[in-house]
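**Q** Take the sequence shown: its position 17, counted from the start at 1, is 1221 in my numbering, and no numbers get skipped.
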Amino acid sequence: MTTESKKISSTESPALDNSWTETKLKILEDYLKEYTKILNKNRQFFKFAYIDAFAGTGERSSSTPRNKIQGLLPEFEEIEKKEAQEFLDGSAIKALRIEPKFDTCIFIEKSKKRFNKLQENLIQEFPQRDIRFFNEDANEVIQRICKANWSKRRAVLFLDPFGMQVSWETINMIAQTKAIDLWILFPLGVAVNRLLKIKGQKIPQAWKNRLDTIFGTDEWINQFYSQEKQVGLFEESSALKKTASFETIAKYFIQRLQTIFPYVAKNPYRLLNSSNNPLYLFCFASNNATGLRIAEYILKKT
């Protein structure tokens, strides 16, 4: 599946030839290189880490999609598998090859099969590195990490889910550390927009709960819907009418990030499928102004 990547802006830039996987990884890699250069000058004050919450196997294979993709409701899983097929692993190895080196690299992978392969790959290739592995749910591990003392620690956290696995509670705890720079893949089209495609019907409770969890509020209803009057034979009634576009949803998520992070990139990268429909937003948020300047420069030039 050939894919393209574009920024969200009023004037769309020409589509790039490379795949969305390569674009995403290039943005991350460029940021990590600049990040470690800066932190390396302050090693006497801070230890710094890279955290990958959905690490997969640590390698990329253009012909091998993940066997089981979780995070959507059952009725959308098959669609997500197909559209995410080329969104493969590779960030773990790229991060471990960054110079100057991170003091610690933390990799989280819930699938036991992928976790075992991840350990095998990384320990074999980087036997001398401080690498920590967690075969658990990403939200649980990240929340534990966030409760640590961050006064002398810094980190870049890469949240790269295929669907809606990341809760707002987790994102909020990341912000509260005031020490973690966050790159997060937001499932704009592959998940969120699909759950909003309800015409004149009550939103299923399971769908509403999932959206409440990812946004951390139910205020999205007022942002994405309006009340539409319906005239019946004997009385008037009202029903929800979806008014949200991809742009509306994207801007709302950025606004939500801005409620907990002081520095958020306003123009995240939009990752498109072969039909030029947006599947994901690649977003940056931080408590550090320098981090934002670097991220925005990379996003602008990509």
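Ideal Cβ positions, reconstructed from N, Cα and C, are used throughout, including at glycine.
(1) If you draw a straight line from the alpha carbon of C1350 to that of K1305, how long is it in whole angstroms?
(2) Residues in its own chain within less than 6 angstroms of D1385 by CB, not counting five upstream and five downstream?
(3) Do R1474 and F1419 have their CB atoms nearer than 7 angstroms?
(4) Do L1444 and Y1429 have their C-beta atoms closer together than 7 angstroms?
(5) Below 7 angstroms CB to CB, which residues in the same chain sit around Q1347 once its five sequence neighbours on both sides are set aside?
(6) Shortest alpha-carbon distance to W1387 belongs to which of K1245, F1249, F1250 and E1500?
(7) May I ask which residues mark the beginning and end of the alpha helix (DSSP H) holding I1464?
(8) Cutting at 6 angstroms between CB atoms, please list the residues of its own chain near W1354, excluding the five before and the five after it.
(9) The beta strand (DSSP E) with I1384 in it runs from where to where?
(10) On the three-state DSSP scale, how would you describe A1448?
(11) Grab me the residues of F1338's own chain with a C-beta within less than 6 angstroms of its C-beta, minus the 5 sequence neighbours each way, in chain order.
(12) State the start and end residues of the unbroken beta strand (DSSP E) segment that holds F1337.
(13) Sorted by chain position, which residues of the same chain lie with C-beta nearer than 8 angstroms to W1372's C-beta, five sequence neighbours on each side aside?
(14) Could you pull the start and end residues of the beta strand (DSSP E) that R1414 belongs to?
(15) Are I1255 and I1310 close, meaning C-beta to C-beta below 7 angstroms?
(16) Sort S1295, S1479 and L1485 by Cα distance to N1471 and report the nearest one.
(17) Spatial neighbours of K1228 within its chain, please: C-beta separation below 7 angstroms, excluding the five flanking residues on both sides.
(18) Is K1401 helix, strand or coil when you go by DSSP?
**A** With the structure as the only source:
(1) A direct Cα-Cα distance of roughly 22 angstroms separates C1350 from K1305.
(2) Hits under 6 angstroms: V1360, S1490 and G1495.
(3) The criterion of a C-beta distance shorter than 7 angstroms is not satisfied by R1474 and F1419.
(4) Yes; because the gap between Cβ atoms is below 7 angstroms, this pair is in contact.
(5) So the qualifying residues of the chain are T1374 and M1377.
(6) Residue nearest to W1387 within the set K1245, F1249, F1250 and E1500 is E1500 (criterion: CA-CA distance).
(7) From DSSP, I1464 is part of no alpha helix (DSSP H); its letter is neither H nor E.
(8) If we look at W1354 and ignore the five residues flanking it on each side, its Cβ neighbours are T1381 and A1383.
(9) The continuous beta strand (DSSP E) containing I1384 extends over residues I1384 to F1390.
(10) A1448 falls in the coil class under three-state DSSP.
(11) Cβ neighbours of F1338 beyond the five flanking positions: I1312 and V1345.
(12) Start and end: I1335 to F1338.
(13) Excluding sequence neighbours, W1372 sits near T1417, I1418, F1419, G1420, T1421 and R1460.
(14) Secondary structure note for R1414: it is in no beta strand (DSSP E), and the uninterrupted alpha helix (DSSP H) holding it is Q1409 to F1419.
(15) Yes, they are a contact pair.
(16) When only C-alpha atoms are compared, the closest one is L1485.
(17) The residues are L1475 and F1486.
(18) Looking at K1401 - three-state DSSP - the assignment turns out to be coil, as it is neither helix nor strand.
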